[in-house]
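The structure appears right after this line, and notes come after that.
2 protein chains.
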Amino acid sequence: MKKLPAQPVNGLIDGLEVLQELAVSRSPVSCKALSEKLNIELTRMNRILKTLDYLGIAYRTQDRKYKSGPGIHVLAIQSMLGSGLFSKALPVLESLQKYGHVVALGVLWKDTVSYLYHHKPDMSAYEAIASLSLYPATQSSIGMALLSEKENDEIKELYNGKIIPGYRTDYKNISELMDEIEKIRHQEYAALTKKGVISIAVKLGSPAYAAIAVSGKISANEVTEYVSILSEAAEKI
Amino acid sequence: MKKLPAQPVNGLIDGLEVLQELAVSRSPVSCKALSEKLNIELTRMNRILKTLDYLGIAYRTQDRKYKSGPGIHVLAIQSMLGSGLFSKALPVLESLQKYGHVVALGVLWKDTVSYLYHHKPDMSAYEAIASLSLYPATQSSIGMALLSEKENDEIKELYNGKIIPGYRTDYKNISELMDEIEKIRHQEYAALTKKGVISIAVKLGSPAYAAIAVSGKISANEVTEYVSILSEAAEKI
DNA sequence: CATATAAATTGCTATAATAGCAATATGAAA
DNA sequence: TTTCATATTGCTATTATAGCAATTTATATG
Chain P
-16 MKKLPAQPVN
-6 GLIDGLEVLQ
4 ELAVSRSPVS
14 CKALSEKLNI
24 ELTRMNRILK
34 TLDYLGIAYR
44 TQDRKYKSGP
54 GIHVLAIQSM
64 LGSGLFSKAL
74 PVLESLQKYG
84 HVVALGVLWK
94 DTVSYLYHHK
104 PDMSAYEAIA
114 SLSLYPATQS
124 SIGMALLSEK
134 ENDEIKELYN
144 GKIIPGYRTD
154 YKNISELMDE
164 IEKIRHQEYA
174 ALTKKGVISI
184 AVKLGSPAYA
194 AIAVSGKISA
204 NEVTEYVSIL
214 SEAAEKI
Chain D
-16 MKKLPAQPVN
-6 GLIDGLEVLQ
4 ELAVSRSPVS
14 CKALSEKLNI
24 ELTRMNRILK
34 TLDYLGIAYR
44 TQDRKYKSGP
54 GIHVLAIQSM
64 LGSGLFSKAL
74 PVLESLQKYG
84 HVVALGVLWK
94 DTVSYLYHHK
104 PDMSAYEAIA
114 SLSLYPATQS
124 SIGMALLSEK
134 ENDEIKELYN
144 GKIIPGYRTD
154 YKNISELMDE
164 IEKIRHQEYA
174 ALTKKGVISI
184 AVKLGSPAYA
194 AIAVSGKISA
204 NEVTEYVSIL
214 SEAAEKI
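In order, the protein sequence lines correspond to chains P and D.
Heads up, the first sequence is in my numbering, so the first residue is -16 and it goes up one at a time.
Heads up, the second sequence is in my numbering, so the first residue is -16 and it goes up one at a time.
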């Protein structure tokens, strides 16, 4: 369980929250709107935004609204280059396409999976990468594989009092989820079935920082085979 | 010229500097090493790192070193989804490949260009995207096109007392650069020639937030034609 | 062009956060 | 187990900042 330092850097916490809000906004947002949405007092919001603008991480438009700036793209690129995850994984993921199923790579973020790559059969390479998206973790084999790496307490806290997508909606939802997590830990891969489509995921790295998956009309007795294929692929990344 | 607010958020400024340093590091870095490299007092560095780790933006390894965490990828994806730049631009850039030259899209960051896309002929789609990189702005047509959008004072300050890649190395380097900038402003496109290769770039948006370029063995009398092609492409993004 | 209005931004100061030193805790190596 | 290096905390004097009110900025309207 991650803990804050004795003296957290509060400006950084709030600033990154604002930055994330800018990142998900489809159009520029005003200082006032952000202040209300994030429940941060107006003056403080103004200071955060102008600081981000000064750094080039945000961009202040002519009509005094803010959107994400070039700095965030640079940071994104630098992080991908630095981690080497993308460049190492792409050729390996490409080689998995020959099985004719969906191929994906993703990371876990809170209760969502963030797909860095999601390729459907007959999709162009650009589309696979440009189809960057977020998805509920509990409805994704990648999400479930990565959730299984967390401490039970962490998982319970993450979903406490919330609706868990794909799970029962009463008070027993968490124990239902934990049963599935235990199963995944035992198997060392995650498999999800939905409408005749099976999705299988294995983790990358130890401790895992991402996961890769194959999904499609896979028969039950092919699962073990694909687990093996994915595990080999994971070794190469 | 961007100005800081009356009360800058200093924790945010320092925290993002640390984050960028993590992003460019190829391997996990210790608190002490970062403290020395960025000249931030050790205690403060520890607090920034643990705050970033808590947020999931950084990741603390078993041996107490830090690297970028899943949150940064998510932020990257969200910013690209939010801006729509990548998904809108990819099909257009793909259509430019038929001319058989290098096709690129980039943003300006300080004195570098950050390529979001850089496709050489006969390169696979994955390689074009996975070849994310940074390059000196003054040696890139994209960089020069975007620099020309800045105020003269800003450009002069950016390069004051520095070696300007591709320009003379004496005190007249800035005036040489400014002459080129004036020319680009007048033409409304940037063209650079190096070893028989011409690179042409036009800006995206107004004010410009990115630029696209074509480069290769282009004859001087084809330049106008490619400027026109690029400008049309820019209109579609 | 002048006026009104809404939003952004600053100045001020009481309050809260934090810088950094020294002490303590943690983890790896011998 | 001990040693050593690094990470982290507790403490408090110092500095930053929260937020209110005043001021500035920008846009719309007449």
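Each residue gets a CB set at the ideal place from its N, CA and C atoms; glycine is no exception.
All values derive from a computational prediction rather than experimental measurement.
Chain P contact for residue i (CB, 8 Å cutoff)
| i | result |
| --- | --- |
| isoleucine 31(D) | yes |
| lysine -15(D) | yes |
| glycine 188(D) | no |
| threonine 34(D) | yes |
| serine 124(D) | no |
| leucine 99(D) | yes |
| histidine 169(D) | no |
| valine -8(D) | yes |
| alanine 108(D) | yes |
| alanine 6(D) | yes |
| isoleucine 40(D) | yes |
| leucine 2(D) | yes |
| leucine -1(D) | yes |
| serine 202(D) | no |
| serine 198(D) | no |
When the options are compared against residue i, the one with the closest alpha-carbon
| i | options | result |
| --- | --- | --- |
| phenylalanine 69(P) | Ser78(D), Lys219(D) and Ser116(D) | Ser116(D) |
| leucine 76(P) | Gln170(P), Ala87(P) and Gly83(P) | Ala87(P) |
| lysine -15(D) | Glu137(D), Ile201(D), Ser202(D) and Val197(D) | Glu137(D) |
| histidine 228(P) | Gln3(P), Gly65(P), Tyr209(P) and Gly67(P) | Outside the shown range of chain P, which is -16 to 220, sits residue 228(P), and nothing can be said about it. |
| isoleucine 23(P) | Tyr42(P), Pro11(P), Ser97(P) and Gly(-2)(P) | Gly(-2)(P) |
| histidine 101(D) | Ala203(D), Thr121(D), Ile212(D) and Ser198(D) | Ser198(D) |
| isoleucine 195(D) | Glu132(D), Lys48(D), Glu134(D) and Leu99(D) | Leu99(D) |
| proline 53(P) | Lys155(D), Val90(D), Ile60(D) and Lys20(D) | Val90(D) |
| proline 221(D) | Ala6(P), Tyr37(P) and Tyr192(P) | Because residue 221(D) is not part of the residues shown, which for chain D are -16 to 220, the question remains open. |
| tyrosine 192(P) | Met127(P), Lys81(P), Arg47(P) and Ser8(P) | Met127(P) |
| glutamate 110(P) | Leu64(D), Pro148(D), Ile125(D) and Ser131(D) | Leu64(D) |
| alanine 203(D) | Thr176(D), Thr34(D) and His56(D) | Thr176(D) |
| valine 7(P) | Leu(-5)(D), Arg47(D), Val7(D) and Ser62(D) | Ser62(D) |
| leucine 213(D) | Ser131(D), Ser78(D) and Glu132(D) | Ser78(D) |
| proline 11(P) | Ala184(P), Gln45(P), Ile167(P) and Gly39(P) | Gln45(P) |
Cutoff 8 Å: residue i Cβ touching any chain D Cβ
| i | result |
| --- | --- |
| glycine 65(P) | yes |
| tyrosine 192(P) | yes |
| alanine 59(P) | yes |
| isoleucine -4(P) | yes |
| tyrosine 238(P) | Beyond the ends of chain P as shown, which are -16 and 220, falls residue 238(P); an answer cannot be given. |
| proline 104(P) | no |
| isoleucine 55(P) | yes |
| proline 119(P) | no |
| leucine 175(P) | no |
| isoleucine 183(P) | no |
Neighbourhood of residue i by C-beta distance below 6 Å, restricted to the same chain and skipping five residues each side
| i | result |
| --- | --- |
| lysine 71(D) | Ile220 |
| serine 18(D) | Leu25 and Met28 |
| serine 182(D) | Ser124, Leu175, Ala196 and Ser198 |
Separation of residue j from residue i, as counted between CA atoms
| i | j | result |
| --- | --- | --- |
| isoleucine 164(D) | leucine 25(D) | 42 Å |
| glutamate 205(D) | arginine 151(D) | 28 Å |
| valine 1(D) | proline -9(D) | 17 Å |
| serine 158(D) | serine 97(D) | 25 Å |
| glutamine 122(D) | arginine 43(P) | 27 Å |
| tryptophan 92(D) | asparagine 143(D) | 16 Å |
| aspartate 231(P) | threonine 95(P) | Past the edges of chain P, shown from -16 to 220, lies residue 231(P), and the structure says nothing about it. |
| serine 13(P) | threonine 207(P) | 52 Å |
| alanine 120(P) | serine 189(P) | 20 Å |
| glycine 179(D) | isoleucine 201(D) | 8 Å |
| proline 74(P) | histidine 169(D) | 43 Å |
| leucine 58(D) | alanine 59(P) | 8 Å |
| alanine 108(P) | alanine 108(D) | 6 Å |
| serine 131(D) | leucine 187(D) | 13 Å |
Residues near residue i by beta carbon distance below 7 Å, same chain, minus five either side
| i | result |
| --- | --- |
| leucine 21(P) | Glu0, Val1 and Glu4 |
Cutoff 8 Å; reference residue i; Cβ partners in own chain excluding five residues on either side
| i | result |
| --- | --- |
| isoleucine 146(P) | Thr152 and Asn156 |
| glycine 67(P) | none |
| glutamine 80(P) | Val86, His102 and Pro104 |
| leucine 160(D) | Thr121, Ile138, Tyr142, Ile147 and Tyr150 |
Give the residues from the segment 8 to 30 of chain P that approach chain D closer than 7 Å (Cβ to any Cβ), ordered along the chain.
Look at the segment 8 to 30 of chain P: the residues with a C-beta under 7 Å from a C-beta of chain D are Ser8, Arg9, Asn29 and Arg30.
Note down, in chain order, all residues in the segment 71 to 90 of chain P with a beta-carbon under 8 Å from any beta-carbon belonging to chain D.
Of all residues in the segment 71 to 90 of chain P, only Leu73, Pro74, Glu77 and Val90 place a beta-carbon less than 8 Å from a beta-carbon of chain D.
If contact means a Cβ-Cβ distance below 9 Å, which residues of the segment 132 to 164 of chain D contact chain P?
Listed in sequence order: no entries.
Below 9 Å between beta carbons is the criterion; list the residues of the segment 208 to 219 of chain P that meet it against any residue of chain D, in chain order.
Hits within the stretch: zero.
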